[in-house]
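Let me begin by presenting the structure, written as structure tokens, before commenting on it.
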Amino acid sequence: MEPAVAEIDAALELLRSSVHERGEPVGLVVAPSGSVAMATGSVRVVVAPAHVANVLAEADREWRPRWVLWSNATAASLVATGTRLATSWDVAAVHRLLRGGWRAEPARVWAQLHGLDHHRMPKMGQLDLLGGDGDGGGDDEVPVRPDGYLRPEWLAGAWADSPERMGAWAALVLDVAELQRRLLDALAAESATVAGNALATARSESTAELLCAELAADGLPIDLPAAEALIASLVGPRAATEAEAAADRARRDAEVLQHLPPGSGIDLRNPADVKSMLRRLGIDVPDTRAWRLEQMRTVHPAIDALLHWRKAERIATTFGYGWLDTHVGADGRLRGEWSGSDGAAGRMTAGAGLHNLPSELRPVVIAEPGHVFVRADLGQIEPRVLAAVSGDPALIAATQDDDLYAPVAARLGVERSVAKIAVLAAMYGQTSGTAGQALRGMETGYPVAMKYLSDAAQAGVEGRDLRTYGGRLIRMYPVPDDADFRAVSAGRGRYARNAMVQGAAAELFKVWAVTVRARGAAIDARIVLCLHDELLLHVPVDNADAAVQLLHDCLAEAAFRWQPRRSVPVRFVADVSVVRSWADAKP
DNA sequence: TGCGGCTATTG
DNA sequence: CACAATAGCCGCAG
């Protein structure tokens, strides 16, 4: 039974006052039907699908609450019906921040917050053979069972069966967020240097999930005819039938095979075959990767042909017509799945080739009529982040330069190129080659930063968990007994060393991204791509200059918010350009 | 059918 | 290939 409109208005007014007067966050859930439930500590309201867009738009604009969501699936369903929220507390994102890993469904989050074994969570339809109630007992209308676990029926969707249940589900997510907030407070109390800003990270990571939902829905503008033409130029016209596709494949293969004795039966797609082919040509290589074969292009014509074949084959299989058909809509938008934080260090990831699009294909990423791209990438983000998180005074001083490697080279007394290798080697844990000599200079020149990195590596080797500057848990595990101990633990050391830098960089990047998202709305600047240290905005032509300024201003704001207690702040720089095609931005 | 290895691409 | 990621194809185990 639906409440009368007057009742809803009265309830919304109560909700508004709890947000306005007490600054309360609002739990928000969306049922499959499109109905929405909202809850504060004292008020619950359910809104029918027809009114959701209007009610949420006004509430978001007028009340500005922090919306509490179970996950970005909620944001995705809202975006699908035209609602974009300003800020959120994403329980799944915060769970990943607090505990590492990827899985963060409500049942698991709830169990772990309450100290319950998540391996023993009740499942749907499970009979309790020890004689208890099969459904866990207690009141079905309450989401929590007497044993403390959430009801599997509710988790499977029964929460949406009635307005009362929806209200309870929205109230529950609010309780979960409060428990998470307390854990973050405790974290800050126990380790002010490492996780003092974990609460801020929780907020920016949450809002980044809203951004991900929008990125997935909006997509990246592609000139579809240009893309078809480009692919055709690389692998030929689109095959009409399966047989035609096979013939095209055979024709490409023949370009390589013609350089070999006939009937040698080489499968170019089988690396072992290719390797034995090379051996018959008198070439012995440990593997057949392109960088290794590159130097041997002139040794035998088959090698050059093979490398060309590999290039075309990649377009044909991964970035060919099938890719266009699957991921580019009729509206010319390339859409992929977005994740706000991957399992390791917390970078954003994307599917559909959005993060590994070959540079050859970038020319077809073209702004829509009346629009331009404003592209910005952060300069030398990782060493600057290392300066910030380690607090190394000399490295912080180096960040004041537009080119951080220039003062580093001066301090080490080496060429700039050597300084760059040394800094990167320190962050990645490289010890071999030319890096070794330069690294010794780093030890004396930047001891604080180097100790930060070696402490991280040591923790990794010993299997001790770490937290990034923003509070993300980097889970480390003991090296298994049967493993090659030295090799595996060295790998763990490199992984840990890098995760602390890459993870912190990802956190700063997301603060920047959500700041741009928020401030950019006023000039219709939409983020259409996030690429680890790069933002691509799609902007009306007339607002391009404003967007350039916006990107710089938001970086300054993000850097300030991200490193709140530094008396000498690290300087971050962005290279910004206005372009019609993404390819035009390439330096 | 799922998984590890190899390969290619990106930051 | 020093760190991270997605993705496709191959051979092999089950």
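As numbered in this note's numbering, residues 6 to 592 make up the first sequence, in order. Heads up, the beta-carbon is just placed ideally off N, CA and C, and yes, glycines get one too.
Classify residue i: buried if its beta carbon has 16 or more other beta carbons within 10 angstroms, exposed otherwise.
i: residue 463; result: exposed
i: residue 147; result: exposed
i: residue 115; result: buried
i: residue 554; result: exposed
i: residue 515; result: buried
i: residue 546; result: exposed
i: residue 432; result: buried
i: residue 292; result: exposed
i: residue 577; result: buried
i: residue 5; result: The question about residue 5 has no answer, for the chain in this structure spans 6 to 592.
i: residue 332; result: buried
i: residue 507; result: buried
i: residue 214; result: buried
i: residue 450; result: buried
i: residue 107; result: exposed
i: residue 324; result: buried
i: residue 77; result: buried
i: residue 420; result: exposed
Residues in its own chain within less than 8 Å of residue i by CB, not counting five upstream and five downstream?
i: residue 118; result: 181, 184, 185 and 188
i: residue 585; result: 371, 372, 377 and 378
i: residue 471; result: 461, 464, 465, 478, 479, 481, 501, 504 and 505
i: residue 136; result: Because the pLDDT at residue 136 is just 45, under 50, the model does not fix this residue reliably, and the value given afterwards should be weighed accordingly. Within the same chain, residue 136 has no close Cβ partners at all.
i: residue 606; result: Since the first residue shown for the chain is 6 and the last is 592, residue 606 is missing from the structure and cannot be characterised.
Tell me where the alpha helix (DSSP H) around residue i begins and ends.
i: residue 222; result: 203 to 223
i: residue 426; result: 421 to 433
i: residue 56; result: 54 to 67
i: residue 616; result: Coverage of the chain is limited to positions 6 through 592, which leaves residue 616 absent and any answer about it impossible.
i: residue 296; result: 295 to 299
i: residue 238; result: 229 to 240
i: residue 148; result: Element bounds for residue 148: n/a, residue is neither H nor E.
i: residue 441; result: 440 to 450
i: residue 364; result: Segment: none, residue 364 is in no alpha helix (DSSP H) and carries neither H nor E.
i: residue 401; result: 398 to 403
i: residue 417; result: 410 to 417
i: residue 386; result: 386 to 395
i: residue 157; result: 157 to 160
i: residue 323; result: Element bounds for residue 323: n/a, residue is neither H nor E.
i: residue 77; result: 77 to 85
i: residue 118; result: 111 to 118
i: residue 278; result: 276 to 285
Within the same chain, show all residues whose beta-carbon is closer than 7 Å to that of residue i, passing over the 5 residues directly before and after it, in chain order.
i: residue 548; result: 528, 529 and 530
i: residue 494; result: 466 and 484
i: residue 593; result: Shown here, the chain extends from 6 to 592; a query on residue 593 therefore has no answer.
i: residue 149; result: 155
i: residue 225; result: 338, 339, 359, 370, 533 and 534
i: residue 69; result: 91
i: residue 261; result: 273, 307, 310, 311 and 314
i: residue 520; result: 559, 562 and 563
i: residue 518; result: 213, 216, 532, 535 and 540
For residue i, list the residues DSSP reports as bridge partners.
i: residue 559; result: Beta-bridge pairing links residue 559 to no other residue.
i: residue 72; result: 31 and 93
i: residue 582; result: 380
i: residue 354; result: 344
i: residue 479; result: 471
i: residue 333; result: 339
i: residue 51; result: 42
i: residue 371; result: 586
i: residue 226; result: 338
Could you give the C-beta distance for residue i and residue j, rounded to a whole number, given that I count them as a contact under 8 Å?
i: residue 481; j: residue 468; result: 5 Å
i: residue 1; j: residue 358; result: The structure shown does not extend to residue 1, since the chain is modelled only from 6 to 592, so the question has no answer here.
i: residue 109; j: residue 123; result: That belief does not hold up - the Cβ atoms of residue 109 and residue 123 are roughly 11 Å apart, past 8 Å.
i: residue 341; j: residue 355; result: 5 Å
Taking the continuous beta strand (DSSP E) assigned at residue i, which residues delimit it?
i: residue 541; result: 539 to 545
i: residue 43; result: 41 to 44
i: residue 494; result: Here residue 494 belongs to no beta strand (DSSP E); instead the alpha helix (DSSP H) covers 490 to 525.
i: residue 181; result: Taken as a continuous stretch (DSSP letters only), residue 181 belongs to no beta strand (DSSP E), being part of the alpha helix (DSSP H) at 168 to 195.
i: residue 534; result: 531 to 535
Tell me which residues share the same chain as residue i and place their Cβ nearer than 6 Å to its Cβ, disregarding the 5 neighbours each side in the sequence.
i: residue 573; result: 401
i: residue 174; result: 34 and 164
i: residue 440; result: 426 and 430
i: residue 474; result: 394 and 509
i: residue 297; result: 290
i: residue 567; result: 513 and 516
Is residue i near the ligand GTP - that is, is its Cβ less than 7 Å away from at least one heavy atom of it?
i: residue 564; result: Among the components modelled here there is no ligand, and therefore nothing to report on the ligand GTP.
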